[in-house]
Amino acid sequence: MMTRNEFQKMPPADRATIRPEVPVQHVAETQVEPPANSAMSKQGEAACVTGGSGCIGSWLVRLLLERGYTVHATVQNLKDEAETKHLEAMPGAASRLRLFCMDLLDYDSVLAAVRGCAGVFHLASPCIVDRVLDPEKELLDPAIKGTTNVLTAAKEVGVRRVVVTSSISAITPSPSWPADRVKAEDCWTDLDYCKQNGLWYPVSKTLAEKTAWDFAKEHGLDVVVVNPGTVMGPVIPPRLNASMLLLQRLLQGCSDTYQDFFMGSVHFKDVALAHILVYENESAKGRHLCVEAISHYGDFVAKVAELYPEYNLPRLPKDTQPGLLRTKNGAKKLMDLGLEFIPMEQIIKDSVESLKSKGFIS
43 MMTRNEFQKM
53 PPADRATIRP
63 EVPVQHVAET
73 QVEPPANSAM
83 SKQGEAACVT
93 GGSGCIGSWL
103 VRLLLERGYT
113 VHATVQNLKD
123 EAETKHLEAM
133 PGAASRLRLF
143 CMDLLDYDSV
153 LAAVRGCAGV
163 FHLASPCIVD
173 RVLDPEKELL
183 DPAIKGTTNV
193 LTAAKEVGVR
203 RVVVTSSISA
213 ITPSPSWPAD
223 RVKAEDCWTD
233 LDYCKQNGLW
243 YPVSKTLAEK
253 TAWDFAKEHG
263 LDVVVVNPGT
273 VMGPVIPPRL
283 NASMLLLQRL
293 LQGCSDTYQD
303 FFMGSVHFKD
313 VALAHILVYE
323 NESAKGRHLC
333 VEAISHYGDF
343 VAKVAELYPE
353 YNLPRLPKDT
363 QPGLLRTKNG
373 AKKLMDLGLE
383 FIPMEQIIKD
393 SVESLKSKGF
403 IS
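Each position in the sequence shown, counted from 1, maps to that position plus 42 in the numbering used here.
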């Protein structure tokens with residue numbers, strides 16, 4: 043597995059500040075054609091993207107700017123060019139991007155970023171899939187209390203809708219799920235199983251999502267959720283997310299033994315589009331599993347080996363989860379909204395070529 047340091051990129055941030063050299067103006071630009079069956083984009087409308095400097099967040103900021111939105115993107119350190127430079131270079135950023143330094147546990151910094159926005163996309167949450175020493179401090183508090191702070195701020199300023207980025211990790215592991223049923227939006231991660239096995243990241247994502255649903259019900263806030271799978275593709279920021287780090291290790295000949303677990307790959311662009319679709323379509327309700335298909339990890343590794351035989355990939359057990367059903371329609375709710383998913387083969391090609399072009403692999 044990857045080291046803890048590879049994933050833990052979230053040091054506490056200072057209180058909210060706004061970078062003065064990135065002005066905000068509502069500038070009309072040519073509207074980007076939305077996907078089929080999508081509601082029209084709110085050109086000039088302001089939306090907040092927490093975790094805007096990450097791999098998914100950067101893609102979302104990019105597409106929102108392309109569609110004419112003004113974007114409030116949060117980062118952890120305004121002085122860190124690895125968080126800011128790629129965002130500031132995006133088309134439309136000079137006039138319609140504001141960068142905020144936000145600490146999920148500092149309500150005032152959250153409120154400052156959300157104020158003035160009609161919608162919020164809440165992506166920011168620590169991602170540590172390796173062993174953690176203090177689960178509450180490192181994962182649970184930022185995920186759960188951070189979600190509460192974002193939703194409280196959204197309610198205070200009167201946003202129209204909040205899109206919460208959950209995860210496939212809030213759907214599985216779920217070992218007691220019936221073997222003859224495909225895991226989808228009605229499946230929830232088994233918290234007791236995860237706690238007993240030290241799987242704290244799924245615990246954090248599951249509890250954060252449940253917190254969001256409880257808050258929405260209690261306070262009458264319009265919340266929808268996207269549950270992405272293993273997210274890969276062309277990387278915009280200079281740092282890799284957990285899924286791309288996993289692919290990097292595979293291509294570098296990692297000899298660790300991996301089980302053939304439940305997996306759904308998905309392209310960065312499709313995850314960003316999914317967020318926009320569920321935000322712009324009032325008919326979108328509830329959870330939205332976001333994967334190009336539900337498959338096994340072994341299917342993914344076999345396809346990587348087929349496309350790139352020059353790399354020494356590890357061998358996997360043939361099938362450690364014989365009851366896990368595969369399907370191409372796991373994300374039917376998003377498909378019904380008009381999202382046409384990029385297939386696994388293209389996801390792999392885009393991911394590997396991105397790793398090569400950025401010097402992460404040779």
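Backbone N, C-alpha and C define an ideal beta-carbon position, used for all residues, glycine too.
Item to check | Local conformation of Gln73 per DSSP, three classes | outcome: Taking the first residue of the sequence shown as position 1, residue 73 is located at position 31. Confidence at Gln73 is low in this model, with a pLDDT of 34, below 50, so its placement is unreliable and the value that follows should be read with caution. Of the three classes helix, strand and coil, the one that applies to Gln73 here is coil, per DSSP.
Next on the checklist: For Val422 and Leu106, I'd like the C-alpha separation in whole angstroms.
Outcome noted: Summary: the structure shown does not reach residue 422, with the chain confined to residues 43 through 404, and so no result is reported for it.
Checklist entry - For Arg368, does the count of other Cβ atoms within 10 angstroms reach 16, so buried, or fall short, so exposed? => result Walking along the sequence shown from the start, residue 368 turns up at place 326. Arg368 should be labelled exposed.
Item to check | Start-to-end residues for the beta strand (DSSP E) that takes in Thr272 | outcome: Translated into the one-based positions of the sequence shown, residue 272 becomes position 230. Where Thr272 is concerned, the enclosing beta strand (DSSP E) stretches over Thr272 to Met274.
Item to check | Nearest to Gln118 (by Cα), restricted to the options Ser100, His261, Asp145 and Ser404 | outcome: Counted from its first residue, the sequence shown places residue 118 at position 76. Ranking the options by Cα distance to Gln118, first place goes to Asp145.
Item to check | 8 Å Cβ cutoff met for Val273 and Phe310 | outcome: In the sequence shown, the residue the question calls residue 273 occupies position 231. In the sequence shown, the residue the question calls residue 310 occupies position 268. Val273 is a Cβ neighbour of Phe310, given a cutoff of 8 Å.
Checklist entry - Enumerated in chain order, which unbroken segments of the beta strand (DSSP E) with a length of 3 residues or greater are wholly contained in the segment 178 to 262? => result The qualifying runs are 203 to 207.
Next on the checklist: Suppose contacts are defined by Cβ-Cβ distances below 8 Å. Is Pro356 in contact with Leu292 by that definition?
Outcome noted: Position 314 of the sequence shown, counted from the first residue, corresponds to residue 356. Position 250 of the sequence shown, counted from the first residue, corresponds to residue 292. Yes, these two residues count as a Cβ contact at 8 Å.
Checklist entry - So, are the CB atoms of Pro385 and Glu334 less than 8 Å apart? => result The sequence position of residue 385 within the sequence shown is 343, counting from 1. The sequence position of residue 334 within the sequence shown is 292, counting from 1. Note that the C-beta distance between Pro385 and Glu334 is below 8 Å.
Checklist entry - On the three-pair Cβ rule with 8 Å, is the segment 199 to 210 touching the segment 172 to 187? => result Segments in contact, no.
Item to check | Helix, strand or coil at Met377 according to DSSP, with G and I counted as helix | outcome: Looking up residue 377 in the sequence shown gives position 335. Judged by DSSP in its simplified three-state form, Met377 adopts helix.
Checklist entry - Is it the case that the Cβ atoms of Cys90 and His114 are separated by a distance below 8 Å? => result Locating residue 90 in the sequence shown gives position 48, where the first residue counts as 1. Locating residue 114 in the sequence shown gives position 72, where the first residue counts as 1. Yes, they are a contact pair.
Next on the checklist: At the level of alpha carbons, what is the spacing between Ser396 and Ser100?
Outcome noted: Position 354 of the sequence shown holds residue 396. Position 58 of the sequence shown holds residue 100. The straight-line gap separating the alpha-carbon atoms of Ser396 and Ser100 is approximately 15 Å.
Item to check | DSSP-derived helix/strand/coil call for Met305 | outcome: Taking the sequence shown and counting its residues from 1, the one referred to as residue 305 is at position 263. Of the three classes helix, strand and coil, the one that applies to Met305 here is strand, per DSSP.
Item to check | Beta-carbon separation (whole angstroms), Leu381 vs Leu319, contact threshold 8 Å | outcome: Position 339 of the sequence shown, counted from the start, is the residue given in the question as residue 381. Position 277 of the sequence shown, counted from the start, is the residue given in the question as residue 319. Their Cβ separation, rounded to whole angstroms, is 6 Å, which keeps Leu381 and Leu319 in contact under 8 Å.
Next on the checklist: Quick check for students: name the residue ranges of the alpha helix (DSSP H) that lie wholly in the segment 104 to 156, counting only runs of 4 or more.
Outcome noted: Secondary structure in the segment 104 to 156: the alpha helix (DSSP H) runs of 4 residues or longer, each lying completely within the stretch, are 123 to 130, 135 to 138 and 149 to 156 in chain order.
Checklist entry - Is it true that the CB of Val205 sits closer than 8 Å to the CB of Pro270? => result Along the sequence shown, read from residue 1 onward, the residue named residue 270 stands at position 228. Along the sequence shown, read from residue 1 onward, the residue named residue 205 stands at position 163. Going by C-beta atoms, Pro270 is not nearer than 8 Å to Val205.
Next on the checklist: Does Asp232 pass the burial test, meaning 16 or more other C-beta atoms within 10 Å, or should it be called exposed?
Outcome noted: Residue 232 sits at position 190 when you count from the first residue of the sequence shown. Asp232 sits buried, since 16 or more C-beta atoms from the chains shown fall within 10 Å of its C-beta.
Next on the checklist: Can you confirm whether the segment 251 to 260 touches the segment 278 to 285 when touching is taken to mean that 3 or more C-beta pairs between the two stretches lie within less than 8 Å?
Outcome noted: Output reads no: the segment 251 to 260 does not touch the segment 278 to 285.
Checklist entry - My guess is that Cys143 and Ser137 are in contact by the Cβ rule of under 8 Å, so how many angstroms apart are they, rounded? => result The residue you call residue 143 lines up with position 101 of the sequence shown. The residue you call residue 137 lines up with position 95 of the sequence shown. Actually they do not touch by this definition, with Cβ atoms about 21 Å apart.
Checklist entry - Under the rule that 16 or more other beta-carbon atoms within 10 Å means buried, what is Pro220, buried or exposed? => result Residue numbering aside, residue 220 sits at position 178 when the sequence shown is read from its first letter. So Pro220 counts as exposed.
Checklist entry - When DSSP labels each residue in this structure, what does Val64 get in the three-state scheme? => result For the purposes of this step, residue 64 is identified with residue 22 of the sequence shown, where counting begins at 1. At Val64, the pLDDT of 37 sits below 50, so the modelled position is not reliable; the number obtained from the coordinates is stated separately. Of the three classes helix, strand and coil, the one that applies to Val64 here is coil, per DSSP.
Item to check | CA nearest to the CA of Glu260, picked from Thr190, Ala166, Val343 and Lys391 | outcome: Here the question's residue 260 lines up with position 218 in the sequence shown. When each option's Cα is compared against that of Glu260, the closest is Thr190.
Next on the checklist: With a threshold of 7 Å on Cβ separation, who are the neighbours of Ile390 within its own chain once the five nearest residues in sequence on each side are excluded?
Outcome noted: Numbered from 1 along the sequence shown, position 348 holds the residue referred to as residue 390. Result list for Ile390: Lys345, Val346 and Leu349, in chain order.
Next on the checklist: Quick check on this structure: which residue in Asp264, Leu153, Phe304 and Ile210 has the alpha carbon closest to the alpha carbon of Glu324?
Outcome noted: Position 282 of the sequence shown, counted from the first residue, corresponds to residue 324. Considering only alpha carbons, the answer is Asp264.
Next on the checklist: Just to confirm the assignment, what range does the beta strand (DSSP E) spanning Leu331 have?
Outcome noted: Indexing the sequence shown from 1 puts residue 331 at position 289. Taken as a continuous stretch (DSSP letters only), the beta strand (DSSP E) holding Leu331 covers Arg329 to Cys332.
Checklist entry - Is the beta carbon of Gly275 less than 8 Å from the beta carbon of Ala166? => result Here residue 275 corresponds to residue number 233 of the sequence shown, with the count starting at 1. Here residue 166 corresponds to residue number 124 of the sequence shown, with the count starting at 1. Going by C-beta atoms, Gly275 is not nearer than 8 Å to Ala166.
Next on the checklist: Using the three-state DSSP reduction, which class does Ile336 fall into: helix, strand or coil?
Outcome noted: Start at 1 with the first residue of the sequence shown, and residue 336 comes out as number 294. Three-state DSSP puts Ile336 in a strand.
Item to check | Sheet register partners of Asn269 (DSSP bridge) | outcome: Position 227 of the sequence shown holds residue 269. Leu331, per the DSSP bridge assignment.
Item to check | Neighbourhood of Val245 by C-beta, 8 Å cutoff - its chain only, sequence neighbours within 5 removed | outcome: For the purposes of this step, residue 245 is taken as the residue at position 203 of the sequence shown. Cβ neighbours of Val245 beyond the five flanking positions: Pro177, Leu181, Leu182, Thr231, Leu233, Cys236 and Lys237.
Next on the checklist: Tell me which residue opens and which closes the alpha helix (DSSP H) that Val320 is part of.
Outcome noted: Taking the first residue of the sequence shown as position 1, residue 320 is located at position 278. Under the DSSP assignment, Val320 falls in the alpha helix (DSSP H) whose first and last residues are Phe310 to Glu322.
Item to check | When Asp341, Ser307, Val308 and Gly372 are compared against Arg329, the one with the closest alpha-carbon | outcome: Numbered from 1 along the sequence shown, position 287 holds the residue referred to as residue 329. It is Gly372.
Item to check | Beta-carbon proximity list for Lys370, same chain, < 6 Å, skipping 5 on both sides | outcome: The residue you call residue 370 lines up with position 328 of the sequence shown. The residues are Ala335.
Checklist entry - When we look at the beta-carbon of Lys375 and count the other beta-carbons within 10 Å, is it buried (16 or more) or exposed? => result As a working note, residue 375 is residue 333 in the sequence shown. Around the beta carbon of Lys375, a 10 Å sphere encloses 16 or more other beta carbons of the protein chains shown; the residue is thus reported as buried.
Checklist entry - For Cys90, which three-state DSSP category applies? => result Numbered from its first residue, the sequence shown carries residue 90 at position 48. Here Cys90 sits in strand by DSSP.
Checklist entry - With 16 other CB atoms within 10 Å as the buried threshold, where does Ala316 fall? => result Indexing the sequence shown from 1 puts residue 316 at position 274. Answer is buried; the Cβ neighbour count reaches 16.
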